[in-house]
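First up is the structure itself, then whatever we jot down about it.
Chains as they are written, first to last, in the working numbering: chain D, 1 to 178; chain H, 1001 to 1180.
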């Protein structure tokens, strides 16, 4: 499936992937931190020690990786089920191609939408081109939020569905391997 | 320095009847107090890149450095947090991320889940209610890893993979405040 490779960096569909390729030291730093930062008063010193880097060098590199978007953010990553967001619905919409570029950002700006993308249709099974992940404390709450999206899309939307997740089969995240 | 954040009414960190279950079994709820909630609300990003970042973050939260470290440790152990540290963006490292789905016959569901999950390229996998009833994210270090992973899944399961690469990203921000 060659279309699977049409993946562009966030927010810039035209640019080829990659400006900042990781240099070998960055790569070792990613490997050393992808499982998490050490819970010690000087975590950057601790990360650098086995790599032969000073804490200042580690911090400078992490700052650069944050600036160029290789790191989205540094902090705690909650298990969203554990903090009360127990219902998540993947809402999917068949939106007029002429209007999806204008409506997508509007849906993405809703505070209960965590991801919003335009994706290809797979007719006849899958007529939907806009995906918006909606989170709530219950399915009814998710449905009410989906109704707000429907109202915003109005007559640009020809159909929609909400796919609730019923089981986490795997949750690992990307791991670089040595 | 004592922890100045007062204890608040104890609430459970997970509802008694969560509709979702993970393979690892039931989630064990722990009580969260105001400091835990402040950590969840304010430390999902912007963890300082200073020499002593826990001390700096703790000062902003009004607690001691050792208290903050102990709290994060406890939240990780209780799986309220899945991790603590940098969150990487795969595409910016030269990698690729693609959402894909399968229509799995019910009687084969467990075996197919096992075959799909066995691939290291499968980062997340969820059961969802639809004819397309298995939805997973493929994450690979280079873009050409995606078609290889898709071919491997098709070979292992005998089922066609429906790939949904993103064509445009309107918004991504997985920051949710604690509701408990």
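Cβ atoms here follow ideal geometry from the backbone N, Cα and C, with glycine treated the same way.
Please list the terminal residues of the continuous alpha helix (DSSP H) segment that includes residue 1145 (chain H).
Counting along the chain, the alpha helix (DSSP H) containing residue 1145 (chain H) begins and ends at 1145 to 1157.
I want to see whether chain H comes within less than 9 Å of residue 116 (chain D), judged by CB atoms only; does it?
Answer yes: the Cβ-Cβ gap between residue 116 (chain D) and chain H drops below 9 Å somewhere.
Mind checking if residue 150 (chain D) is an interface residue toward chain H, Cβ cutoff 9 Å exclusive?
Not an interface residue.
Using the beta-carbon of each residue, which ones in chain D are nearer than 7 Å to residue 1049 (chain H)?
Result: 59, 62, 63.
For residue 150 (chain D), does the count of other Cβ atoms within 10 angstroms reach 16, so buried, or fall short, so exposed?
Exposed, by the Cβ-count rule.
Identify the continuous beta strand (DSSP E) that holds residue 163 (chain D) and give its terminal residues.
That run of the beta strand (DSSP E) goes 157 to 171.
Residue 159 (chain D) CB to nearest chain H CB: under 9 Å?
Closer than 9 Å: no.
Beta-carbon within less than 6 Å of residue 108 (chain D)'s beta-carbon, same chain only, minus the 5 sequence neighbours each way: which residues are those?
116.
If we ignore side chains and look at the alpha-carbon of each, how far apart do residue 57 (chain D) and residue 48 (chain D) end up?
Going by the C-alpha atoms only, they are around 8 Å apart.
In three-state DSSP terms, what is residue 1168 (chain H)?
It is a strand residue.
Roughly how many angstroms lie between the CA atoms of residue 1168 (chain H) and residue 1064 (chain H), to the nearest whole one?
Roughly 44 Å separates the two Cα atoms.
Alpha carbon to alpha carbon, how far is residue 1076 (chain H) from residue 154 (chain D)?
So the alpha carbons of these two residues sit roughly 43 Å apart.
Near residue 28 (chain D), what residues of its chain come up, given a Cβ to Cβ distance below 8 Å and the 5 sequence neighbours on each side ignored?
Taken in chain order, the residues that qualify are 51.
How many whole angstroms separate the CB atoms of residue 1099 (chain H) and residue 1135 (chain H), which I take to be in contact at a CB cut-off of 8 Å?
7 Å between Cβ atoms; contact.
Assuming residue 70 (chain D) and residue 1088 (chain H) make a contact with CB atoms under 8 Å, what is their CB distance in whole Å?
So it is a contact: roughly 6 Å between Cβ atoms.
Note down, one range per segment and in chain order, each alpha helix (DSSP H) of at least 4 residues found wholly within the segment 1104 to 1143 of chain H.
Fully enclosed alpha helix (DSSP H) runs of 4 or longer: 1109 to 1117.
Are the C-beta atoms of residue 39 (chain D) and some chain H residue less than 9 Å apart?
Residue 39 (chain D) counts as touching chain H.
By the 8 Å beta-carbon criterion, what residues does the segment 1116 to 1129 of chain H contribute toward chain D?
Under the 8 Å Cβ criterion, the segment 1116 to 1129 of chain H contributes 1116, 1117, 1120, 1122, 1123, 1124, 1125, 1126, 1127, 1128, 1129.
Could you spell out where the beta strand (DSSP E) holding residue 118 (chain D) opens and where it closes?
It spans 113 to 118 - the beta strand (DSSP E) in which residue 118 (chain D) sits, taken as one unbroken run.
Assign residue 1107 (chain H) to buried or exposed, taking buried as 16 or more other Cβ atoms, counted over all protein chains shown, within 10 Å of its Cβ.
That one is exposed.
Output, in chain order, the set of chain H residues within a Cβ distance shorter than 8 Å of residue 125 (chain D).
1103, 1131, 1132, 1162, listed in chain order.
Short of 6 Å in beta carbon distance, which residues of its chain neighbour residue 59 (chain D), apart from the five on each side in sequence? Order them along the chain.
Counting only Cβ-Cβ distances below 6 Å, and skipping sequence neighbours, we find 44.
Who are residue 87 (chain D)'s beta bridge partners in DSSP?
DSSP output for residue 87 (chain D) lists D:136 as bridge partner(s).
Name, please, each residue of chain D whose Cβ falls closer than 9 Å to the Cβ of residue 1060 (chain H).
Within 9 Å Cβ-Cβ: nothing; residue 1060 (chain H) doesn't reach chain D, min ~12 Å.
With distance defined between alpha-carbon atoms, name the residue in H:1060, H:1152, H:1143, H:1157 nearest to residue 1110 (chain H).
Closest by alpha carbon: H:1157.
Between the segment 152 to 168 of chain D and the segment 1125 to 1139 of chain H, do at least 3 Cβ pairs fall closer than 8 Å?
Segments in contact, yes.
List the whole-angstrom C-beta distance separating residue 1071 (chain H) from residue 1036 (chain H), where the pair is believed to meet the contact cut-off of C-beta under 8 Å.
The Cβ separation is near 6 Å, so the contact holds.
Under 9 Å, do residue 1042 (chain H) and residue 1060 (chain H) count as touching if we go by C-beta distance?
Contact: yes.
Of all the options D:119, D:26, D:85, which has the alpha carbon lying nearest to the alpha carbon of residue 204 (chain D)?
For chain D, the structure presents residues 1 to 178; residue 204 (chain D) sits outside this window and is missing.
Could you compute how far the alpha carbon of residue 1126 (chain H) sits from the alpha carbon of residue 88 (chain D)?
Rounded to the nearest angstrom, the two C-alpha atoms are 11 Å apart.
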